[in-house]
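Working notes, structure below.
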Amino acid sequence: MTYTIESKNPNEYKCIALRRLNNVSVNLSNIAIPLKEGTKSAYNDFKQKSNRRDLEQNLGNYGILAKGPLHFIDIDDPDEAPNDLLKKTVDTFCVSTPSEGGEHRYVVSDTPLPNIKRDWGEIRSDNQYVVGPGSSIPDYGSYTIENDAPIQSVAKDELEDWIGGFDKDTEEGYSEDIDIESLSEGGERLNTAHDVFSKLQSDSPAFFTDLMDRLNGGRGGMGNSLNKEDSNEIDTSRLDFVTLEHLYGVFKEYGKSHNESRGLAGEVYGYYSNQTPFTKDGQKRKWVSRDKGYKHDMLDNAIRQFDQSLFNRLLNQRNNDKRKFNEYSEITQNYVDFVMNWLIEDWDIDTAKDMAQVWNLEIDRGDLEAVCKTPMYQDTPRPLSEGKETEYPSPHAIRKICSELDRNTEETYRRAMKKMRKKGSIKLACIKEGIDYRVYPADLPDPVDAEHIRYNGEKYE
Numbered sequence: 001m002t003y004t005i006e007s008k009n010p011n012e013y014k015c016i017a018l019r020r021l022n023n024v025s026v027n028l029s030n031i032a033i034p035l036k037e038g039t040k041s042a043y044n045d046f047k048q049k050s051n052r053r054d055l056e057q058n059l060g061n062y063g064i065l066a067k068g069p070l071h072f073i074d075i076d077d078p079d080e081a082p083n084d085l086l087k088k089t090v091d092t093f094c095v096s097t098p099s100e101g102g103e104h105r106y107v108v109s110d111t112p113l114p115n116i117k118r119d120w121g122e123i124r125s126d127n128q129y130v131v132g133p134g135s136s137i138p139d140y141g142s143y144t145i146e147n148d149a150p151i152q153s154v155a156k157d158e159l160e161d162w163i164g165g166f167d168k169d170t171e172e173g174y175s176e177d178i179d180i181e182s183l184s185e186g187g188e189r190l191n192t193a194h195d196v197f198s199k200l201q202s203d204s205p206a207f208f209t210d211l212m213d214r215l216n217g218g219r220g221g222m223g224n225s226l227n228k229e230d231s232n233e234i235d236t237s238r239l240d241f242v243t244l245e246h247l248y249g250v251f252k253e254y255g256k257s258h259n260e261s262r263g264l265a266g267e268v269y270g271y272y273s274n275q276t277p278f279t280k281d282g283q284k285r286k287w288v289s290r291d292k293g294y295k296h297d298m299l300d301n302a303i304r305q306f307d308q309s310l311f312n313r314l315l316n317q318r319n320n321d322k323r324k325f326n327e328y329s330e331i332t333q334n335y336v337d338f339v340m341n342w343l344i345e346d347w348d349i350d351t352a353k354d355m356a357q358v359w360n361l362e363i364d365r366g367d368l369e370a371v372c373k374t375p376m377y378q379d380t381p382r383p384l385s386e387g388k389e390t391e392y393p394s395p396h397a398i399r400k401i402c403s404e405l406d407r408n409t410e411e412t413y414r415r416a417m418k419k420m421r422k423k424g425s426i427k428l429a430c431i432k433e434g435i436d437y438r439v440y441p442a443d444l445p446d447p448v449d450a451e452h453i454r455y456n457g458e459k460y461e
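Residue 1 is where the sequence shown starts when you use the UniProt record's numbering, and the numbers rise one by one after that.
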């Protein structure tokens, strides 16, 4: 049975984990690993005891070390994980990770378990760690307790049975880079891609260099952000996802339709993966070893997550640009902030254009004038100018107007607003369940007629 824990602050999550570990007599001394702020990476060599802490100590983001009887079943892709493993460990203490469907299932074993890597995830033991519940990574998400239950004991032979055996050869190797000229030797789509890449190389050389390195199995400009959770190895799923997202953006940027861009992204990525079947750290590329279902899902998910404004920032980077990739989503949130305040404050066009610069946005006057003529803008209440101070705009109105200004999908802004609520910068008021919702800055008064408010990961009346 699953017991989901909701609305807990980070320290409460850690206390719950500590209690569960205590109940199975795990030694909590020097088991916690301080992580760099906003990341999953340890400050120092965590295998050195002096660089670890007791779990009872106050920490920011932290990892929990597998030692003694404690092991972790790290599930990255539940669709690929063995059914027996999922069913037999469903009742153990479990932490959900920010990646879709990702879980850390805690188990104890009297016999040391081997470190096992599979396409679906890993068995973590022998001085490996997972990020602890309550930790949070900006623009990625939080680690929350999905199942507050006793930590299950498993026998080594049981686990071996559930995952289909411990012995599995891992193919490793290295590939030579290929350049864009080889594309011209392919079919019509690859010839089209060659022409687009030639323009990209001239227009955006820094981004072109980054993209080509990732197409050839490297990290490009993403550096350690492409690493697996507690390892220096490239996360091959993440490499697939981000590179497909950016390929789609490139072809859209150069005038291809959605369907054309989708087809080109899939074919070009498949071509490079097959020509360079190993990552630059020697792993077999997942795109090469997985079936069509994985490839279709990965491509569709990457396109669904595509964000035009974020992509534009990448295109415009220079060779000396030191921005981290996970910072550029601030642009999307800045649009939400700007539009929300514009609707509430009811600025005129000149003021709105000036205020956009407060959020580092360059918006054309013509675009602002066009938005003012839309029914969505005209039908949205102006609380501060109409005397109804807490009649705030709806999430739909904000998303719609953001889309008009930033040429992006409403889903992009839906995700941005969700992140902003979790970070505590905005609130969502439910006026009528399922029908009427309002969004506003967290420092403004709550609507008096609200049934409940969602804010900072919590719900209150």
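Glycine included, each C-beta is placed from N, C-alpha and C at the ideal position.
If you're wondering where the values come from, they're calculated on a predicted model, not measured in any experiment.
Nearest-angstrom beta carbon gap, residue j and residue i [assumed within contact, 8 Å]
i: D54; j: S29; result: 6 Å
i: S96; j: E146; result: 4 Å
i: S237; j: Y248; result: No, S237 and Y248 are not in contact; Cβ-Cβ is about 17 Å, not under 8 Å.
i: V108; j: L65; result: So it is not a contact: roughly 14 Å between Cβ atoms.
i: K419; j: Q333; result: 7 Å
i: L428; j: T380; result: In fact, because the Cβ distance is near 16 Å, the residues do not count as touching under 8 Å.
i: residue 473; j: R454; result: Any question about residue 473 goes unanswered here, given that the chain covers just 1 to 461.
i: I180; j: F207; result: So it is not a contact: roughly 14 Å between Cβ atoms.
Proximity test, residue i beta-carbon vs the ligand MG heavy atom, cut-off 6 Å
i: G63; result: As far as ligands go, the structure on display features none, and thus does not contain the ligand MG.
Residue i versus residue j: straight-line alpha-carbon distance, rounded
i: E103; j: P133; result: 11 Å
i: Y43; j: R285; result: 29 Å
i: I331; j: E404; result: 15 Å
i: I426; j: P445; result: 11 Å
i: G270; j: W287; result: 7 Å
i: P447; j: K432; result: 12 Å
i: K292; j: T89; result: 29 Å
i: G63; j: N456; result: 23 Å
i: V424; j: W359; result: The amino acid at residue 424 is misidentified as Val; the sequence shows Gly. When rounded, the distance between both Cα atoms is 18 Å.
i: E451; j: Y377; result: 25 Å
i: S225; j: Y272; result: 22 Å
i: S136; j: I363; result: 32 Å
i: Y140; j: G217; result: 23 Å
i: D74; j: A81; result: 10 Å
i: M222; j: C94; result: 30 Å
i: H246; j: E158; result: 42 Å
i: M340; j: T144; result: 29 Å
i: L264; j: R189; result: 6 Å
i: K67; j: H296; result: 39 Å
i: I151; j: K40; result: 23 Å
i: K324; j: R214; result: Low local confidence applies: a pLDDT of 41 at K324 is under 50, so the model's placement there is unreliable, with the coordinate-based value given in what follows. Looking at the two C-alpha atoms, the distance is approximately 16 Å.
i: K14; j: Q283; result: 34 Å
i: T170; j: S231; result: Reliability fails at T170, whose pLDDT of 44 lies under 50, so the model's placement of it is uncertain and no value is given.
i: S153; j: S142; result: 26 Å
i: K168; j: R20; result: Because K168 sits at a pLDDT of 48, beneath the cut-off of 50, its placement in the model cannot be relied upon, and the point is left open.
i: E458; j: P395; result: 18 Å
i: I123; j: A356; result: 49 Å
i: N274; j: N23; result: 49 Å
i: F338; j: A370; result: 16 Å
i: D321; j: Y294; result: No answer about D321 holds up, because its pLDDT of 43 lies below 50 and its placement is not dependable.
i: G164; j: R118; result: 11 Å
i: K400; j: W120; result: 38 Å
Test item: CB-CB of residue i and residue j under 7 Å
i: I398; j: L368; result: no
i: Y437; j: Y392; result: no
i: L35; j: N61; result: yes
i: N115; j: S99; result: no
i: D281; j: E233; result: yes
i: G266; j: L299; result: yes
i: G220; j: D210; result: yes
i: Y129; j: I33; result: yes
i: K156; j: T92; result: no
i: D77; j: W162; result: no
i: F241; j: A302; result: yes
i: V131; j: A193; result: no
i: K353; j: R365; result: yes
i: N31; j: D148; result: Correcting the residue identity first, residue 31 is Ile in this sequence and not Asn. No, Cβ-Cβ distance for I31 and D148 is not below 7 Å.
i: D406; j: Y335; result: yes
i: residue 464; j: Y413; result: There is no way to answer for residue 464, as the model of the chain reaches only from 1 to 461.
One or two residues paired with residue i in a DSSP bridge
i: K117; result: E122
i: K284; result: F278
i: T144; result: S96
i: Q152; result: V107
Min CB distance residue i to chain C below 7 Å
i: R118; result: Of the chains in the structure shown, none is chain C; there is only one protein chain.
TODO: Would you list, in sequence order, the uninterrupted beta strand (DSSP E) runs of no fewer than 3 residues that lie entirely inside the segment 372-444?
DONE: 426-432 and 436-441
TODO: Run through the segment 227-280 for me and flag every whole beta strand (DSSP E) of 3 or more residues, listed as ranges in chain order.
DONE: none
- [ ] Could you tell me which uninterrupted beta strand (DSSP E) segments, each at least 3 residues in length, are contained entirely in the segment 18-99, listed from first to last along the chain?
- [x] 32-34, 62-65, 70-75 and 94-96
Task: Secondary structure, beta strand (DSSP E): runs of 3+ residues fully inside the segment 189-223 - done: none
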